[in-house]
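In my numbering, the protein residues as written are 1331 to 1659. Contents: one structure, followed by commentary.
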Amino acid sequence: MTRSLIQLFCLRKRTEHQKLQKYKGALPYELVEKILVNAWCSIGDAPSRWRFFRVIAILSKVWRDVLHEVVLRYAFIETMVDFIAYERLLSRYDPCARYVSIVLNAVDHTRFRVNKIAKYVPEARFMCLAITMDRRYYFDAILQNLLAKTESLTHLRICWPPLRDSFACPLSSVVISSVTHLHIARHPPASLGSILASFPNVTHLRLGTPCFLKNLVPYMSTVRVLILDAPPQYIMHTVSQAPALVFPSSVPLWNVYDALEHGLLKSTASYPGRIIMNAGKSDADKSMIADIALSCQKHGVAFECRRRYPPLWQPSHSNPRRWDHDAWS
1331 MTRSLIQLFC LRKRTEHQKL QKYKGALPYE LVEKILVNAW CSIGDAPSRW RFFRVIAILS
1391 KVWRDVLHEV VLRYAFIETM VDFIAYERLL SRYDPCARYV SIVLNAVDHT RFRVNKIAKY
1451 VPEARFMCLA ITMDRRYYFD AILQNLLAKT ESLTHLRICW PPLRDSFACP LSSVVISSVT
1511 HLHIARHPPA SLGSILASFP NVTHLRLGTP CFLKNLVPYM STVRVLILDA PPQYIMHTVS
1571 QAPALVFPSS VPLWNVYDAL EHGLLKSTAS YPGRIIMNAG KSDADKSMIA DIALSCQKHG
1631 VAFECRRRYP PLWQPSHSNP RRWDHDAWS
């Protein structure tokens, strides 16, 4: 048994050495890889993405080999063009994606379903999901047919579209135990509790839509770091064709003080809770931020305010679909 392990180790080292030998006299492998990762992940539309892939494949065999590894590791399944391209790739290579961005409704129709996507990303650790249509029971299908089959998943970002019609995701019996870092950029009204119930081991939670935090305390027993996005202007979409409600600041909408009174991030001696608020760069909400800081201090919760949004920031219907690598820093 020991001899077999030694032989396997030697074979692996020899393969790695042969791989690096191909880059002798050219740019270092690590530099080529970094260039291609940055380029591949920065291209926003599918036609340009795969045009880049074809051009690199023609120009250089060395760069083509590296790009194949990058494309398989950073999977963007955001259109049917992407899906078809990955179908072709994975007919020749094993799936090994670690970072995955999926726009579900753009590719989920009669040709295939969510569970077919799951076969392409079984080893994903970082996943960004964009749901572009408001289907009531769609989230349960995502839990069962995609997330539950991705057992290595630890970091998840999920975003619904701006919803004008009020509906709620029903509570699901499916539990995703592997996810520890959860970013809910936007969610259906009255649904956050049922969404969080499916992720019982989350330690780092980021929320992008103001809500009644005190109602979420029962679902946040494991959360130690809470990140709240509080831009200087917040628009609440209303039912049907009624005009949207516009708030000059979203800081007070989180009602952090009330949530702390109800046991939010109840600190322990070994690991105190922490709240990070991403607010506007203007000082207009200075007094409100100061009150939140005092409330956190009173309850033994660390507080940090990061001034990220410019004074003239305006909300947009579009929301970045890609995974935010700085979401937890």
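Note that CB positions come from ideal geometry on N, CA and C, so glycine has one too.
Between the CA atoms of Lys1628 and Val1430 - distance to the nearest angstrom: Your numbering for residue 1430 matches position 100 in the sequence shown. Your numbering for residue 1628 matches position 298 in the sequence shown. Going by the C-alpha atoms only, they are around 40 angstroms apart.
Please classify Glu1408 as buried or exposed, where buried requires at least 16 neighbouring CB atoms within 10 angstroms. Here residue 1408 corresponds to residue number 78 of the sequence shown, with the count starting at 1. Buried, because 16 or more other Cβ atoms sit within 10 Å of the Cβ of Glu1408.
Rounded to a whole number of angstroms, what is the C-alpha to C-alpha distance between Ile1373 and Ser1625? Stepping through the sequence shown from its first residue, residue 1373 is reached at position 43. Stepping through the sequence shown from its first residue, residue 1625 is reached at position 295. Each residue's Cα considered, the two are about 43 angstroms apart.
Could you spell out the range, first to last residue, of the beta strand (DSSP E) harbouring His1485? As a first step, residue 1485 must be located in the sequence shown, where it is residue number 155. Here the beta strand (DSSP E) through His1485 covers 1485-1489.
Quick check for students: name the residue ranges of the alpha helix (DSSP H) that lie wholly in the segment 1487-1561, counting only runs of 4 or more. Fully enclosed alpha helix (DSSP H) runs of 4 or longer: 1522-1526.
Write down the C-beta distance between His1534 and Ile1525 rounded to the nearest angstrom, noting that I regard them as a contact closer than 8 angstroms. If you number the sequence shown from 1, residue 1534 lands on position 204. If you number the sequence shown from 1, residue 1525 lands on position 195. The Cβ separation is near 16 angstroms, so there is no contact.
When we look at the beta-carbon of Pro1590 and count the other beta-carbons within 10 Å, is it buried (16 or more) or exposed? Here the question's residue 1590 lines up with position 260 in the sequence shown. Note that residue 1590 is Leu in the sequence shown here, rather than Pro. Burial call: buried.
Starting from the C-beta of Thr1440, find all residues in its chain whose C-beta is less than 6 angstroms away, skip the five residues before and the five after it, and write them out in chain order. For the purposes of this step, residue 1440 is taken as the residue at position 110 of the sequence shown. Because Thr1440 carries a pLDDT of 43, less than 50, the predicted location of this residue cannot be relied on, and no value is offered for it.
Could you give the DSSP three-state label for Cys1426: helix, strand or coil? For this step, residue 1426 is matched to residue 96 along the sequence shown. Under the three-state reduction of DSSP, Cys1426 is assigned to coil, being neither helix nor strand.
Local Cβ density within 10 Å of Arg1637, reported as buried at 16 or more and exposed below that: For the purposes of this step, residue 1637 is taken as the residue at position 307 of the sequence shown. Answer is exposed; the Cβ neighbour count stays below 16.
Write down every uninterrupted run of the beta strand (DSSP E) in the segment 1598-1642 whose length is 3 residues or greater and which is fully enclosed by it, in chain order. Those beta strand (DSSP E) runs which fall completely within the segment 1598-1642 and span 3+ residues are 1604-1610, 1632-1639.
For the candidate residues Lys1596, Val1581, Gly1523, whose alpha-carbon lies nearest to that of Lys1616? As a first step, residue 1616 is located in the sequence shown; it is residue number 286 there, counting from the start. The option with the nearest alpha carbon to Lys1616 is Val1581.
Flag this pair as yes or no: are the beta carbons of Val1505 and Ser1482 separated by less than 8 angstroms? For the purposes of this step, residue 1505 is taken as the residue at position 175 of the sequence shown. For the purposes of this step, residue 1482 is taken as the residue at position 152 of the sequence shown. Contact: no.
With a cut-off of 8 angstroms on the beta carbons, I'd call Gly1603 and Pro1641 a contact; round off their distance for me. Taking the sequence shown and counting its residues from 1, one reaches residue 1603 at position 273. Taking the sequence shown and counting its residues from 1, one reaches residue 1641 at position 311. So it is not a contact: roughly 30 angstroms between Cβ atoms.
In the structure shown, what three-state DSSP assignment does Leu1402 receive? As a first step, residue 1402 must be located in the sequence shown, where it is residue number 72. Three-state DSSP puts Leu1402 in a helix.
Asn1585 versus Pro1540: straight-line alpha-carbon distance, rounded: Along the sequence shown, one-based indexing puts residue 1585 at 255. Along the sequence shown, one-based indexing puts residue 1540 at 210. The alpha-carbon atoms of Asn1585 and Pro1540 are separated by roughly 9 angstroms.
For Cys1371, write down the residues that DSSP places opposite it in a beta bridge. One-based indexing of the sequence shown puts residue 1371 at position 41. Its beta-bridge partners do not exist; DSSP assigns none.
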